[in-house]
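K.L.:
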Amino acid sequence: MTREPRIKGKSVHRMLDKNTITMTGICSNCGPVDIWRNTKGTYLCGPAREEQRRASGRNDPTRLWVTRKRLRELVEEAEVCAICDVYKDDARLGVDHVKGTDLVRGVLCTRCNLALGYFFHDPNLLREAAKYLEENPGRELDDPYGREVG
Ligand SMILES: [Zn+2]
Ligand SMILES: [Zn+2]
Numbered sequence: 005m006t007r008e009p010r011i012k013g014k015s016v017h018r019m020l021d022k023n024t025i026t027m028t029g030i031c032s033n034c035g036p037v038d039i040w041r042n043t044k045g046t047y048l049c050g051p052a053r054e055e056q057r058r059a060s061g062r063n064d065p066t067r068l069w070v071t072r073k074r075l076r077e078l079v080e081e082a083e084v085c086a087i088c089d090v091y092k093d094d095a096r097l098g099v100d101h102v103k104g105t106d107l108v109r110g111v112l113c114t115r116c117n118l119a120l121g122y123f124f125h126d127p128n129l130l131r132e133a134a135k136y137l138e139e140n141p142g143r144e145l146d147d148p149y150g151r152e153v154g
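Here this note's numbering runs 4 ahead of the position in the sequence shown, where the first position is 1.
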């Protein structure tokens, strides 16, 4: 279990108990609380989360935190994949994150989400791939053994 580094002069919020299904817990400082999960997978109470946010000293969007509950809601609200339109009963839909952050782009099916990853989330590369497919519909090659094809 990872523990957040203790910052001098701050109140100590220790998670005495937590339920990651209901996203509630018992904080040593605050008592019963809603809990939040950060990108490192650490669970904190709301006040501790606010303290850490403020301690970061700047409004860094990569430091935003998102609850698992909120992510689940996003997926539940979505009907189809934002790219291929596959319906949620026919595929597994999930949240598409900006890598290494809690920024959310949208809800995609697993296949589209993986495909974007393979293309390094680079729109230019994806455009080049589409152009390649359009410009190269496929052609017959000569038989490697010198026989005529066709
Ligand atoms: Zn607390
Ligand atoms: Zn899709």
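Heads up, the beta-carbon is just placed ideally off N, CA and C, and yes, glycines get one too.
1. My understanding is that T46 touches V37, with C-beta atoms under 8 Å, so please give their C-beta distance in whole angstroms.
2. Name the two residues that bound the continuous beta strand (DSSP E) containing T28.
3. Could you tell me the boundaries of the alpha helix (DSSP H) in which G142 lies?
4. Using 8 Å as the threshold, is the C-beta distance between L120 and V99 below it?
5. Taking all protein chains shown into account, do 16 or more other C-beta atoms lie within 10 angstroms of the C-beta of D89, making it buried, or fewer, making it exposed?
6. Using a Cβ-Cβ cutoff of less than 7 Å, which residues in the same chain neighbour C116 once the five nearest sequence positions on both sides are dropped?
7. Report back the beta-carbon spacing between A95 and C113 to the nearest angstrom; my notes put them in contact at under 8 Å.
P.N.:
Taking the geometry as given:
1. That pair is no contact at about 14 Å.
2. Unbroken beta strand (DSSP E) run through T28: 28-31.
3. In this chain, G142 is not harboured by any alpha helix (DSSP H), its DSSP state being neither H nor E.
4. Cβ atoms of L120 and V99: not closer than 8 Å.
5. Flag for D89 reads exposed.
6. Here the set comprises C85, I87, C88.
7. A95 to C113, Cβ: 4 Å. Contact.
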